Structures are given as C-alpha cells and as structure tokens.
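Everything on this sheet refers to the single structure shown next.
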Amino acid sequence: MVDSRLEPHDANQLELKLGYKVRPERKRQRYLVESFMFVPRTLGVSARSYGPERFFEDTSTFIRLSTPAVALEALASEGRAASWFAPLGEELDALSAGRAASADGLVRSLKLLGSIYRAAIRDQGRLLLAGLAALPAPGAPKAEVREGAWVASMARFAEHLRAATARLRSAAQRCELANVPRAVAETWSAVDEHVSLCVEGRATALVAACDARGARAGGSPLSEVRDRLADVATDEYRYRQGRGYPSKAVAGEANEALPFRRRLLKRITSSVLFLDSEYEPGGELQRDLIAGVAAAAAMLFAVLVAIWAQVHWGALSATFAAVMVVAYIVKDRIKERGKRYLGRRLAGRLPDYVVKVRDPHSGRAIGVCREAVTVTEPSHIDADVRALRRADHDTVIGDDGRPEVVIAGWTPRSSRTASWIPAPERSSPSPARASITSTWCCGSARGAAATGSSRTGACG
C-alpha cells in the first residue's frame, strides 16, 4: 500500500481513498483490504435490512492511476523530467515532417503533462502555505530569520512557475499548427488554460498569506516576494485574456461560470488517469457448482431409493409408485437444503461483485477487484480491530454505552503490470513507481457511518 485516507466527503458521504504501489518487475500483484464500519444499533442496520445489494447501491468506486510525482523544479529545468516531454516532442516531430502520428497519443501526452503540472504546483504551493502559517507572529523571537528562509523558497517558487509554464508552452506550441488534428489542438487549449489557472490560484493564495503577515506595507523581503507572486498571477490572467480563454473574471458580474469552468478543465486533464471498470455479480461459477453438488446428492438419493424399491416391490406395483413420489419430494428438499447449507458455509468466501479493471486506451484487462460486505456483530471480528475501536473507552463495560453493529467488507485486488504501465515508469530506475488510487464513496439514506477502522495486507 502507498497510502490510505478516510475522511468525510460531504454531509452525507464518507470517502475512503487507497493507493496501491505497482511494481513493474512483478507480473502480478495482489492486495487484500479489509474495512470495518461501526454503526450504532439505533440506526436499524442489520443483515436483514441492509444487505450487500443495498450497500453497493449506496457506494461509488473510482479507480485511476496516481499522478506521477515530479517536482516543479524539475519541470522548470531544461533537460530534467525529459521522459515526460519526449513522447509529445516525438509525435509533433512526426506531424511536422508529414509522417503519420497518433492523435490519441498526443492527446494522452498533453493530458498527462497537464496532470503532472497541476500536482507539482499544488503540492509545492501547499508546502509554502503551511510553512507561512506555522511561522511565529511578526516581532516574535527568531521570526525574521525563519521568515527569511520561507521568503527565499517563495522567490524560487515564483521563478519555477514562470520557467515551468514557459517550457510547457514551448514544447506544445506546435499543437496549434494547421496540420495538427482538431482534437489535439483543443486538448492543448484546455491543458494550457488549466495550468494557467493552477499557477494563478497558487500564486494568489500565497499573496493573500503574505498580506496576512503585513507584507502589503512594503519595504521588506516578504513584501518584495509578495509583489513577484502577484506579478505571476496577473501575468497568467492577462495571458488567458490574450488567448481568448473563457476562464476570466469580469468586474461587476457574478462570474458563476468560472467555478464550473475550473472543474471542467480539471476533469478533461485528469481523464487520462482514470481506468475503466466493469461490474458483474460475483461468485456465479461457485454458486453454480454448489447447486450442482446439491443436485447430485439429491439425485443419488433418488436413484438409490428407486433401485431399492424396484428390488422389493417391482417396477409396476402401486407401492413402488408411492415410494417414488415420496422419494421425489425428499430429493427436492435435499437439493434445496443442500444449496442453502453449502451457500451459508461458503458465503464468507464468495465476492458479492467482481470489478474488472481495463485500460481505456487498449481495452485490455489489467486487474480485477472482488468485493464482499456483510453486517455482523462486533464479537465476530478480530480482537485487534475491536481494540482499535475501543481506543477511546478501553473498559470492559464501555461497549454497553454505545451498542453497535459492524459493516465488514473485504476486497482482494490483483493487477497485471507488464503491459500497461506508461513507458517512462517502466524504464525509470527510480524507486518511485506507478501506483493506482482507488476512491470509494459511501452515502446512505439512513445517514449511517459512525467510526471506522481499516486493515490492509499485501502479498505479491
């Protein structure tokens, strides 16, 4: 596992985000994720009222590749992070020379670069904002020294923003040539506009943080870097105006379309990372085998009774006919009870749903996810999970004060890696490998979900 995070998505939904490391040297990888949600009994959640079908109706799952982690400094330096720019340059060279080139490949390269830029700008910007927020108040001991270190970092950030955007626009400027497919040109416009918005947004947030420390007064290193960041934000706004992009605020207007435009551009850019998912009921083959075993046992009983009755009374006697009718009734009950018995014994090992994960570009299956869920009693789960739940009331009778049931789920996931990891990740010797991020949202009409615990394990 790379990381896991459980947090409220909104007033009615929980979001569980899991990251899986993908190692190119392994042909197949497997992960097992177990989750436990402790729900108050007063909500009326039980195995009868809240079965797997109801649970999965209340959930949504999104599976995508994690955005490659590339430092903004590397994007701003010519010659560094070249593996992410190379596919774009090769395809554009082919188009410029009149050779056939893949429009899909160009679109994918542009979107991937846009996603990398967005993540790099966001992460570095968050780091600087957190650092500024943690500084002691102006006038406190050592405040000026610590502020000076962050001022230098913000000055480098401003330089890297300008250099990185200039490098991206220089690499992709040929996307506007007449012989470039329309889909490529439109994708470049969306990526360019989105990156510009990201730059302006982070620079503006840092300007506001500087103003909160009194940088607007002027005459200090902080005020100087504040002005440089303000220039970056202003230049990006003017750049979009000059390009005719619609993402610009109009004075005196509500500008209600601007947030929608931001979300739209983000979805366009990040769409390259999402994988296709196909859902189908799980355990169908196993259930068919269970039904077959039960039917075989019932048929064996009927055959043995038929042989015994024929030997004792003959095939044409009334007694034989009566015995066979009774045997048929018993046979039918044996089959039904056998199916229920074996089904209960194996229910905990069969998935409710199977999710096949496919590469949207090639259509090839790259992984499978089996999901199962059940509502059970806390006493039926492992002691270490119960101990985590009782961490805030570690007493014998503490559970009596808040009786609960547990929505327990398990999700074994496996993936094939050799055929679908992007080329820069396959060839890179860096330990930072590709990874998959799975986002799971649960929202119930009952408003369920109290405290949650999760446990993960992996096997290769």
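Count the sequence shown with my numbering and you get residues 4 to 463, in order. Just so it is clear, CB atoms sit at the ideal spot from N, CA and C, and this is done for glycine as well. A quick note: this is a predicted structure, and the numbers were derived from the prediction, not measured.
Note the first and the last residue of the continuous beta strand (DSSP E) segment covering valine 388.
-> Looking at the DSSP string, valine 388 is not in any beta strand (DSSP E); the run it does join, the alpha helix (DSSP H), is 386 to 392.
Excluding the 5 residues preceding and the 5 following proline 11 in the sequence, name in chain order all residues of the same chain whose CB lies nearer than 8 Å to its CB.
-> Leu17, Glu18
Since alanine 169 and leucine 91 are thought to touch, with beta carbons under 8 Å apart, how far apart are those beta carbons, to the nearest angstrom?
-> Actually they are not in contact, since the Cβ atoms of alanine 169 and leucine 91 sit about 15 Å apart, beyond 8 Å.
Identity of the residues DSSP links to isoleucine 410 by a beta bridge = Met40, Val378
Roughly how many whole angstroms lie between the Cα atoms of arginine 165 and glycine 366?
-> 38 Å
Uninterrupted beta strand (DSSP E) stretches inside the stretch 274 to 360 (no shorter than 3 residues) | 279 to 284
Would glutamate 196 be called buried (16 or more neighbouring beta carbons within 10 Å of its own) or exposed?
-> buried
According to DSSP, is histidine 383 helix, strand or coil?
-> helix
Quick one: grab the DSSP three-state call for histidine 12.
-> Strand.
Simplified DSSP state of aspartate 238, which is helix, strand or coil | helix
Using three-state DSSP, classify alanine 84 as helix, strand or coil.
-> coil
Selected residue, minimal CA-CA separation from arginine 172, among Phe88, Thr207, Arg229, Ala140 = Phe88
Taking the continuous alpha helix (DSSP H) assigned at glutamate 162, which residues delimit it?
-> 146 to 175
On a CA-only basis, which of Ser38, Lys20, Ala152 is nearest isoleucine 384? Give me that one, please.
-> Ser38
In terms of DSSP beta bridges, what is cysteine 213 paired with?
-> Bridge partners of cysteine 213: none, in fact.
So, are the CB atoms of isoleucine 271 and lysine 114 less than 9 Å apart?
-> Yes.
Starting from the C-beta of proline 425, find all residues in its chain whose C-beta is less than 6 Å away, skip the five residues before and the five after it, and write them out in chain order.
-> Any reading at proline 425 needs caution, since the residue's pLDDT is 41, under 50, leaving its predicted position unreliable; the model's value is listed next. Contacts found: none.
Just to confirm, are glycine 285 and aspartate 355 a CB contact at a threshold of 9 Å?
-> yes
Counting only the same chain and skipping the five closest in sequence on each side, list residues whose C-beta sits under 6 Å from that of arginine 177.
-> Leu95
Alpha-carbon spacing of glycine 34 relative to leucine 349, whole angstroms = In the sequence as displayed, the identity of residue 34 is tyrosine instead of glycine. If you draw a straight line from the Cα of tyrosine 34 to the Cα of leucine 349, it is about 21 Å long.
Answer with buried or exposed for glycine 117, where buried requires no fewer than 16 other C-beta atoms within 10 angstroms of its C-beta.
-> buried
Extent of the continuous alpha helix (DSSP H) to which glutamate 60 belongs = Its alpha helix (DSSP H) spans residues 55 to 60.
Could you work out which residue in Ser156, Ala167, Gln32 is closest to glutamate 81 when comparing CA atoms only?
-> Ala167
Counterpart residues of aspartate 6 in DSSP-defined beta bridges = Gly22
Could you have a look at leucine 180 and say whether DSSP puts it in helix, strand or coil?
-> coil
Within the same chain, show all residues whose beta-carbon is closer than 6 Å to that of glutamate 283, passing over the 5 residues directly before and after it, in chain order.
-> Within the same chain, glutamate 283 has close Cβ partners Val357.
May I ask which residues mark the beginning and end of the alpha helix (DSSP H) holding aspartate 126?
-> 106 to 137
Taking the alpha helix (DSSP H) that glutamate 76 falls in, what are its first and last residues?
-> 75 to 79
Could you tell me whether the stretch 239 to 255 touches the stretch 318 to 333, using the rule of 3 or more Cβ pairs below 8 Å?
-> no
Return the CA-CA distance between leucine 345 and glycine 370, expressed in angstroms with no decimal places.
-> 29 Å
Check whether proline 55 and threonine 377 have beta carbons under 9 Å apart = yes
Are the C-beta of lysine 359 and some C-beta of chain B separated by less than 9 Å?
-> Judged by its chain identifiers, the structure shown contains no chain B, having just a single protein chain.
Between the CA atoms of alanine 211 and cysteine 201 - distance to the nearest angstrom | 15 Å
Leucine 319 burial status per 10 Å Cβ neighbour count (16 or more: buried) | exposed
Counting only the same chain and skipping the five closest in sequence on each side, list residues whose C-beta sits under 6 Å from that of phenylalanine 58.
-> Val376
DSSP-derived helix/strand/coil call for alanine 188 | The answer is helix: DSSP assigns alanine 188 an H, G or I state.
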